[in-house]
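Peer 1: As numbered in this note's numbering, residues 23 to 299 make up the sequence shown, in order. Glycine residues also receive a C-beta, built at the ideal position from the N, C-alpha and C atoms. Please read through the structure below; I'll follow up with questions.
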Amino acid sequence: MKQRILSALLMTPVAIALILLVPTPWFIALVAVVLAVGLWEWFTLSAVTDTLSRSLLVAANLAVMTAMVWSSRTDAGNSTALFELFVLFAAIWWVVSPLWFRFRHIGTNHHSWARVGKLLVGSIATLGAWAAMAWIHGSEPMGRQWLLAALVSVWSADTGAYFAGKYLGKRKLAPNISPNKTIEGLIGGLVACIAVGLLFALFAGMTAAQVPKVALALLIAGAYSVIGDLVESLLKRQIGAKDSGNVIPGHGGVLDRVDGVLAAMPIFALCKALLGF
């Protein structure tokens, strides 16, 4: 726990500074690097044991990101159409992803077609989250502040769920996938997600009339952050791993920290566009 708190205290101010101060092209390049590490871990959990194969798969995803940026340039400025399309694809996947919890056996045989599906899902989730963060961060006039509000709300949901589950948790949420998660933890996480998200949304220029819309978007995104966490837990359970890696002291791997973000960011970006705030 001490390592976990210390790591969070070190990483959080750096992340906030990068979100608010770094220009969008450089910011999305940094995010691409972080997500590439998470994707490397996803492929490892999908039983891609060969280093060369994992490297080529990650490189292919980075090439898609580069192609998206390059092809989005127009004479009138940068177009977000491709980014929005990838956000939509990712959101569709996350909407149907709970079906995997019902059919948990799918993907346990890593020598079948199911592994290809796991690799494809990893790419869709990574590219969708990256596209969502790029879309929000680059939007005017307060895109950076909105992205900060979205990310902080997801981080708060994770923290709120941990403490609510630890001190109040009695009823298991998904015992066959993640035995430590509880319904009380879920509720506590969502309350923290909405409360902190609304607070930071004020700095993004949220008006009184927008509060219900923003709260709804935060609620939905927070719920899907839990689904993202459960999907990664299922990946680890299918291969018998405790953590996705050991990059971050006290936190495990990068994927262990961004699993909720992968699911929440496309959902939040889509809600933001549809609800108009």
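So, with DSSP's three-state summary, where would you put Asn198?
Peer 2: Position 176 of the sequence shown, counting from 1, holds the residue named residue 198. Asn198 falls in the coil class under three-state DSSP.
Peer 1: Which same chain residues end up closer than 6 Å to Ser178 when comparing Cβ atoms and leaving out the 5 residues on each side of it in sequence?
Peer 2: As a first step, residue 178 must be located in the sequence shown, where it is residue number 156. Result list for Ser178: Ala214, Cys215, Val218, in chain order.
Peer 1: For the stretch 145-153 and the stretch 111-118, state whether three or more C-beta atom pairs, one from each stretch, are separated by less than 8 Å.
Peer 2: yes
Peer 1: Is the Cβ-Cβ distance between Asp49 and Leu61 less than 8 Å?
Peer 2: Along the sequence shown, read from residue 1 onward, the residue named residue 49 stands at position 27. Along the sequence shown, read from residue 1 onward, the residue named residue 61 stands at position 39. For the record, residue 49 in the displayed sequence is Phe; it is not Asp. Against a cut-off of 8 Å, the Cβ pair of Leu61 and Phe49 comes out as no contact.
Peer 1: Identify the residues that DSSP records as bridge partners of Asn83: which are they?
Peer 2: Residue numbering aside, residue 83 sits at position 61 when the sequence shown is read from its first letter. According to DSSP, which records beta bridges pairwise, Asn83 is partnered with nothing at all.
Peer 1: When the Cα atoms are used, what is the spatial distance from Leu78 to Gly211?
Peer 2: For the purposes of this step, residue 78 is identified with residue 56 of the sequence shown, where counting begins at 1. For the purposes of this step, residue 211 is identified with residue 189 of the sequence shown, where counting begins at 1. If I take the Cα positions, the gap works out to 37 Å.
Peer 1: Go ahead and label Trp122 buried or exposed: buried means 16 or more other beta carbons lie within 10 angstroms of its beta carbon, across all protein chains shown.
Peer 2: Residue numbering aside, residue 122 sits at position 100 when the sequence shown is read from its first letter. It counts as buried.
Peer 1: Name the two residues that bound the continuous alpha helix (DSSP H) containing Asp281.
Peer 2: Along the sequence shown, one-based indexing puts residue 281 at 259. First-last of the alpha helix (DSSP H) with Asp281: 276-297.
Peer 1: Could you spell out where the alpha helix (DSSP H) holding Gly165 opens and where it closes?
Peer 2: Working through the sequence shown from its first residue, we reach residue 165 at position 143. Gly165 -> alpha helix (DSSP H) spans 165-190.
Peer 1: Among Leu43, Leu57, Leu52, which one has its Cα closest to the Cα of Asp278?
Peer 2: If you number the sequence shown from 1, residue 278 lands on position 256. The option with the nearest alpha carbon to Asp278 is Leu57.
Peer 1: How many angstroms separate the CA atom of Gly160 from the CA atom of Leu284?
Peer 2: Taking the first residue of the sequence shown as position 1, residue 160 is located at position 138. Taking the first residue of the sequence shown as position 1, residue 284 is located at position 262. Going by C-alpha positions, Gly160 is about 18 Å away from Leu284.
Peer 1: Among Leu52, Pro47, Glu63, which residue has its Cα nearest to the Cα of Gly274?
Peer 2: Numbered from its first residue, the sequence shown carries residue 274 at position 252. Considering only alpha carbons, the answer is Glu63.
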